[in-house]
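In the order they appear, the protein sequences are chains A and B.
The opening position of the first sequence corresponds to residue 4 in our numbering, with each subsequent residue numbered one higher.
The opening position of the second sequence corresponds to residue 2 in our numbering, with each subsequent residue numbered one higher.
Even for Gly, the Cβ is constructed at its ideal location relative to N, Cα and C.
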Amino acid sequence: MTAVAGRYVGQSVKRREDARLVTGHGRFVEDVAWPGTLHVAFLRSPIARGRIVNLDVSAALAVPGVHSVLTAADLNEHAREWWQNMIGKDAPMPPKRLLAEHDVRFVGEAIAMVLATSRYVAEDGVELIDVDFEAETPVLVERAGFEGVAADDANLVHPEWGSNVAQALPGPMGPGMPLDNPALEAVLASAAHVVTETFTQHRYLCVPMESQGINVRWDRHRERLEIVSATQSPHEVRSCAARLIGINDSQVHVVADDVGGGFGQKMFPATEELAVIMAAYRLGAALRWIEDRNENLIAGGHARNEDLTMTVATDESGKILGVRAHHREDIGAFPAYAVGSSASSVGMYLPGPYGFGEYFFSSEAVFTNTCGRVAYRGPWMMESVAREQMMDVTALAIGMDPLEFRRRNVVTPDQLPFTTSTGLVYETVTPQATLEQAAEMVGYDAFRAEQAEARTHGRLLGIGLSSYIEPSVGFGIMGAEQVDLRIDYDGSVVATTGSGSHGQSVETTLSQVIAETLGVDIDKVVFTQGDTAVAPFGSGTGGSRTAAVYGGAAREASVLLRNKVLAIAAEVLEASSDDLDMDLGVVAVRGNPGATISLADVAAVAYAGYTILPESIEPGLDVSFRIRAPMFMFSNATHAAVVEVDPVTGAVKVLRYLVSEDCGNMINPMVVEGQIAGGVVQGIGGVFYENFVYDADGNPLTTTFLDYLLPTAAEVPTIEYGHIVTPSPTPGGFKPIGEGGAINSPAALINAVRDALTPFGARVVSQPLGPQQIVDLIKGPASSAESI
Amino acid sequence: MKPAPFDYLAPTSLADAVEALGSYGADAKVLAGGQSLVPVMAMRMSRFDHLIDLNRIPELDFVRHEAADVVIGAMTRESRVGSDPTIAENVPLLTDATQYIGHFQIRNRGTLGGSLAHADPAAEYPAVAMALDATMHLVGPDGSRSVSPEEFFLGPMTCCAEDEELLHSVSFPVWGPGSGFSVQEFARRAGDFATAGVAVGIRVADGVVDKAAIAFFGMASAPVRARELEIELVGQKAMDLDFQEVGNQAVAHLQPPDDIHASSSLRRQIGAQLASRALSTAVKEAT
Ligand SMILES: Cc1cc2nc3c(=O)[nH]c(=O)nc-3n(C[C@H](O)[C@H](O)[C@H](O)COP(=O)(O)OP(=O)(O)OC[C@H]3O[C@@H](n4cnc5c(N)ncnc54)[C@H](O)[C@@H]3O)c2cc1C
Numbered sequence: 004m005t006a007v008a009g010r011y012v013g014q015s016v017k018r019r020e021d022a023r024l025v026t027g028h029g030r031f032v033e034d035v036a037w038p039g040t041l042h043v044a045f046l047r048s049p050i051a052r053g054r055i056v057n058l059d060v061s062a063a064l065a066v067p068g069v070h071s072v073l074t075a076a077d078l079n080e081h082a083r084e085w086w087q088n089m090i091g092k093d094a095p096m097p098p099k100r101l102l103a104e105h106d107v108r109f110v111g112e113a114i115a116m117v118l119a120t121s122r123y124v125a126e127d128g129v130e131l132i133d134v135d136f137e138a139e140t141p142v143l144v145e146r147a148g149f150e151g152v153a154a155d156d157a158n159l160v161h162p163e164w165g166s167n168v169a170q171a172l173p174g175p176m177g178p179g180m181p182l183d184n185p186a187l188e189a190v191l192a193s194a195a196h197v198v199t200e201t202f203t204q205h206r207y208l209c210v211p212m213e214s215q216g217i218n219v220r221w222d223r224h225r226e227r228l229e230i231v232s233a234t235q236s237p238h239e240v241r242s243c244a245a246r247l248i249g250i251n252d253s254q255v256h257v258v259a260d261d262v263g264g265g266f267g268q269k270m271f272p273a274t275e276e277l278a279v280i281m282a283a284y285r286l287g288a289a290l291r292w293i294e295d296r297n298e299n300l301i302a303g304g305h306a307r308n309e310d311l312t313m314t315v316a317t318d319e320s321g322k323i324l325g326v327r328a329h330h331r332e333d334i335g336a337f338p339a340y341a342v343g344s345s346a347s348s349v350g351m352y353l354p355g356p357y358g359f360g361e362y363f364f365s366s367e368a369v370f371t372n373t374c375g376r377v378a379y380r381g382p383w384m385m386e387s388v389a390r391e392q393m394m395d396v397t398a399l400a401i402g403m404d405p406l407e408f409r410r411r412n413v414v415t416p417d418q419l420p421f422t423t424s425t426g427l428v429y430e431t432v433t434p435q436a437t438l439e440q441a442a443e444m445v446g447y448d449a450f451r452a453e454q455a456e457a458r459t460h461g462r463l464l465g466i467g468l469s470s471y472i473e474p475s476v477g478f479g480i481m482g483a484e485q486v487d488l489r490i491d492y493d494g495s496v497v498a499t500t501g502s503g504s505h506g507q508s509v510e511t512t513l514s515q516v517i518a519e520t521l522g523v524d525i526d527k528v529v530f531t532q533g534d535t536a537v538a539p540f541g542s543g544t545g546g547s548r549t550a551a552v553y554g555g556a557a558r559e560a561s562v563l564l565r566n567k568v569l570a571i572a573a574e575v576l577e578a579s580s581d582d583l584d585m586d587l588g589v590v591a592v593r594g595n596p597g598a599t600i601s602l603a604d605v606a607a608v609a610y611a612g613y614t615i616l617p618e619s620i621e622p623g624l625d626v627s628f629r630i631r632a633p634m635f636m637f638s639n640a641t642h643a644a645v646v647e648v649d650p651v652t653g654a655v656k657v658l659r660y661l662v663s664e665d666c667g668n669m670i671n672p673m674v675v676e677g678q679i680a681g682g683v684v685q686g687i688g689g690v691f692y693e694n695f696v697y698d699a700d701g702n703p704l705t706t707t708f709l710d711y712l713l714p715t716a717a718e719v720p721t722i723e724y725g726h727i728v729t730p731s732p733t734p735g736g737f738k739p740i741g742e743g744g745a746i747n748s749p750a751a752l753i754n755a756v757r758d759a760l761t762p763f764g765a766r767v768v769s770q771p772l773g774p775q776q777i778v779d780l781i782k783g784p785a786s787s788a789e790s791i
Numbered sequence: 002m003k004p005a006p007f008d009y010l011a012p013t014s015l016a017d018a019v020e021a022l023g024s025y026g027a028d029a030k031v032l033a034g035g036q037s038l039v040p041v042m043a044m045r046m047s048r049f050d051h052l053i054d055l056n057r058i059p060e061l062d063f064v065r066h067e068a069a070d071v072v073i074g075a076m077t078r079e080s081r082v083g084s085d086p087t088i089a090e091n092v093p094l095l096t097d098a099t100q101y102i103g104h105f106q107i108r109n110r111g112t113l114g115g116s117l118a119h120a121d122p123a124a125e126y127p128a129v130a131m132a133l134d135a136t137m138h139l140v141g142p143d144g145s146r147s148v149s150p151e152e153f154f155l156g157p158m159t160c161c162a163e164d165e166e167l168l169h170s171v172s173f174p175v176w177g178p179g180s181g182f183s184v185q186e187f188a189r190r191a192g193d194f195a196t197a198g199v200a201v202g203i204r205v206a207d208g209v210v211d212k213a214a215i216a217f218f219g220m221a222s223a224p225v226r227a228r229e230l231e232i233e234l235v236g237q238k239a240m241d242l243d244f245q246e247v248g249n250q251a252v253a254h255l256q257p258p259d260d261i262h263a264s265s266s267l268r269r270q271i272g273a274q275l276a277s278r279a280l281s282t283a284v285k286e287a288t
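Below, the structure written as structure tokens:
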């Protein structure tokens, strides 16, 4: 397959979503107003762990405008099933509950819900709920350390689970994983160089611009549940609601119109949303809950928050011979899915773009009395954060430049197809090409000279590289997406799918694929997603699959439909369909400019004039195609960051940031770059600004945007891009790109800071790298006691 | 994040506002630009029965050059303070400080009086008022009174206005020829409240410093002057000043706060650098 640049595919077509969005006419969950809706506010736990000894809602009920106040006693027993399409029903899970019952397990856990005529009144009611706790010792890494939490059998986050250890690999929950690797031990015992380091990343969050929210109403006469939700996956919401209540999927209609970001947080309905669904069903009422920013920060799901210890063995020349890794993760009390651990993915993807030789991975995840883990753009990205730092740390330890060390280990074209140490097979990745392109674009060698010169003036410049392979999985419900395509009587094209764009420009990119493949004007394509009443079953938008999986399905559906159009046109034009072309909705006989038929006329034949068609051509013009994606799809990129560190203030300025990537054929280069940019900004935020902090009692300290610092345009450099195009073997040749910006940027940035601080011999292995951490690193370990 | 219930009043004259304050006292709160008050209300950290909106009172929105002072009404928007030519010419320290306040959207609503009355220890205007020995004019049902910044700023988020009083205006002395000013600050992000900051004024006559003012913000529970150092600076040759050294001296006696963004000692380290930079900038401008 070769690169394409057609009329639409490969062009930076302007986003079809933008006109309504930039003029303020998007329709978000809060813009939907049903008559008689009651507004929900939650009473949330102010303590991390304790028993509820008194819960009296009578004063709240007395507030004029308060309709009812629901507690665990009203809702919890009615919850039937609680699992997600994407995860399956057999995954182990900690106990789930709609509202806290008997005890509370993190600050922010919902205890009661007040339903009132407005959110204002609902909050007035919340204030008047009388609740008393018997506080218990919170289980916190911040307090007892990771080992302390894992070993504590006296204080359990979930007594029902029997341990604070949520998952350990290898172990009973990782079937098929080897329990040890004696060959690796032999390598570690004999290798020329063996380097060990531990990398830590802190808690930082998805923070979509639009928080979570839901409108729900139960129509008891039609037995239909209607939901408008800020979700990435309408069908997931549908299934979860149906299962929870015990009704059929088909009785639930879910709509997601415009959604203002999700980044993983909106993959599955939140516990609060499920509570609202249950309440609406039980009461037969129309309810709405719009999560506010404070709720979103303290209880909307947390991410990252893990460490990874790597031991790397190399030979004399710097060739990696073996790697051992151990991953530890704090997943909070109620992770969003399963036990919430990303460990199995971290372990599988850790080799990234390199040959690792012998390999062994283990992990441990613990429950704590903090907000639970949620998927965040590249939930497994610790593999890149740790591996790419380890590449630099190892290079430094063996006296080699990090670029050279990468060159010696990166997978080269002649090695393809390449099987990683974990059994993944790479067929069309180009990590060597992106590494070289990034090094050239950033002017790596010239930078080293500039850096040396700057140091003589006391300026601290640093450069950091990071390479990765971006995986996207195509199994389970994520591997089989469907696109329905029809041509209406007037010749317009209608496409529906189960995607759930929340900012990815899906409306534009899939329309491009359809218009291109079909041969119609893109303005004739009406694209609908986010509505379970019209869309085929799908898994929503997440996991970097939209271009490759939905895009592939859109392409194949378009081919089917085009073939049918041409077959009908061939009958009308009395030509062979092989001699026909369709462009901008006009079918013409090649070499005979007079013989044409418009799509509207083809449609008229298909729907009304079908009697002229042979029996072999079915009337109508609609097709469906459900794709079967490969188990794994891969893209790759190398990021390069240049930073300057101010040794007095500890401020870090990102002077340059560039990305060389290969996502195969680009449907829309502007959208590709937008996806990368957004992710890189999240990495800049995570490394330098964002930090969700708990104190030793489990109280969150960064509960508003005053303290939880997001990067703004002023903190972000212009990002430069280099594109290498190596199509995948899937329809269209598209590859995953949605998460890579966020996955690969932290290590590039941290490596650049470490490089800048080389003169101080600073051990840069953790984040965030705010001013305080930077000056502590410069002063050295002796002074770190002073940091807070 | 929705405020607790309150009554809303929108007087159109100062007299009506003062009367309302007089009758409700501690049960009332005045609303200026709302940039600080509204979030605090939304989080229900501030609650009261009556909100008295000052936005419809033109008497409180003015900039006047009177004798040796520029007098600015409490309801003058920060954006106007930052762009007003009379202020730029006569009290350039205020102009300079304004650019560091939040973002333009905030400055379009936020007011001089609101910023001062809110008394955030990390805010710019309180430090400017302190550095310039401004005079704050308060008005209440029992009449008016004027106080110094030292009397006005009592601590974090606390000023000396009584429940029945509001800040009417502030007089900023004009320093005249031979003076130079600078505001320097360090913030985590563009537009954030300062991690540490300093406002400096220097007047030089015949090459000799004859007036000096150094006021830090974000470095204590209220803006704070480096008075002893200022006295030492007066009489010194401007050209001979070792700014680095003076910067270090300026922060030597401070015990800045610790928080999740910066430790006390980091704030001192940053403060010293900012002070030395502000002093050298101000001296350059003055000479
Ligand atoms: C994102 C953001 C960033 C910001 N960054 C900065 C910054 O970097 N530096 C900075 O200094 N500020 C910053 N601010 C605050 C901004 O300057 C505020 O506007 C200011 O602090 C308060 O002014 P206001 O007019 O909005 O007052 P309001 O919010 O209306 O009132 C604040 C308080 O002052 C009282 N008050 C107001 N006017 C009077 C009066 N005339 N007499 C008596 N009491 C009165 C009110 O009752 C209330 O208690 C920021 C605000 C935001 C939202």
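Whole-number beta carbon distance between residue j and residue i, since they are thought to touch under 8 Å
{"i": "D710 (chain A)", "j": "I261 (chain B)", "result": "7 Å"}
{"i": "G53 (chain A)", "j": "V107 (chain A)", "result": "6 Å"}
{"i": "I239 (chain B)", "j": "V199 (chain B)", "result": "According to the sequence shown, residue 239 (chain B) is Ala rather than Ile. That belief does not hold up - the Cβ atoms of A239 (chain B) and V199 (chain B) are roughly 18 Å apart, past 8 Å."}
{"i": "V116 (chain B)", "j": "I58 (chain B)", "result": "It is worth fixing the name first, because residue 116 (chain B) is Ser in this sequence and not Val. Contact doesn't hold; Cβ gap of about 17 Å is too wide."}
8 Å Cβ cut-off: residues of chain B touching residue i
{"i": "Q775 (chain A)", "result": "H262, A263, S264 and L267"}
{"i": "R296 (chain A)", "result": "M2"}
{"i": "D700 (chain A)", "result": "Near D700 (chain A) there are no residues of chain B at all, since even the closest Cβ is about 15 Å away, more than 8 Å."}
{"i": "V696 (chain A)", "result": "I261"}
Spatial distance of residue i from residue j (CA atoms)
{"i": "G114 (chain B)", "j": "V171 (chain B)", "result": "8 Å"}
{"i": "K656 (chain A)", "j": "A551 (chain A)", "result": "36 Å"}
{"i": "E510 (chain A)", "j": "L139 (chain B)", "result": "58 Å"}
{"i": "R65 (chain B)", "j": "Q256 (chain B)", "result": "38 Å"}
{"i": "V134 (chain A)", "j": "L290 (chain A)", "result": "24 Å"}
{"i": "T5 (chain A)", "j": "P730 (chain A)", "result": "Residue placement at T5 (chain A) cannot be trusted, given a pLDDT of 47 that sits under 50; what the coordinates show is reported in the next sentence. Looking at the two C-alpha atoms, the distance is approximately 6 Å."}
{"i": "A759 (chain A)", "j": "R380 (chain A)", "result": "28 Å"}
{"i": "E664 (chain A)", "j": "A751 (chain A)", "result": "14 Å"}
Contacts that residue i makes with chain A (C-beta to C-beta distance below 7 Å)
{"i": "K3 (chain B)", "result": "R122, Y123 and E126"}
Closer than 9 Å at the beta carbon, the chain A residues around residue i
{"i": "A191 (chain B)", "result": "T715, A716, A717 and E718"}
Residues that residue i contacts on chain A, provided the C-beta gap is smaller than 8 Å
{"i": "P6 (chain B)", "result": "Y123 and D127"}
Proximal chain B residues relative to residue i, where beta-carbon distance stays under 9 Å
{"i": "Y692 (chain A)", "result": "R189 and R190"}
{"i": "D487 (chain A)", "result": "Correct list: empty, because the minimum Cβ distance to chain B is about 41 Å."}
{"i": "D135 (chain A)", "result": "Within 9 Å Cβ-Cβ: nothing; D135 (chain A) doesn't reach chain B, min ~20 Å."}
Fully enclosed by the stretch 616 to 695 of chain A, which alpha helix (DSSP H) runs are 4 residues long or longer? For the stretch 616 to 695 of chain A, whole alpha helix (DSSP H) runs of length 4 or above, ordered along the chain, are 672 to 687.
Name the residues in the stretch 270 to 281 of chain B whose C-beta lies less than 7 Å from a C-beta of chain A; which are they? Q270, I271 and Q274
Residue ranges of each beta strand (DSSP E) within the stretch 156 to 214 of chain A, 3 or longer: 168 to 172 and 196 to 207
To test your reading of the DSSP string, which unbroken alpha helix (DSSP H) runs of 4 or more residues are found completely within the stretch 326 to 357 of chain A? 346 to 352
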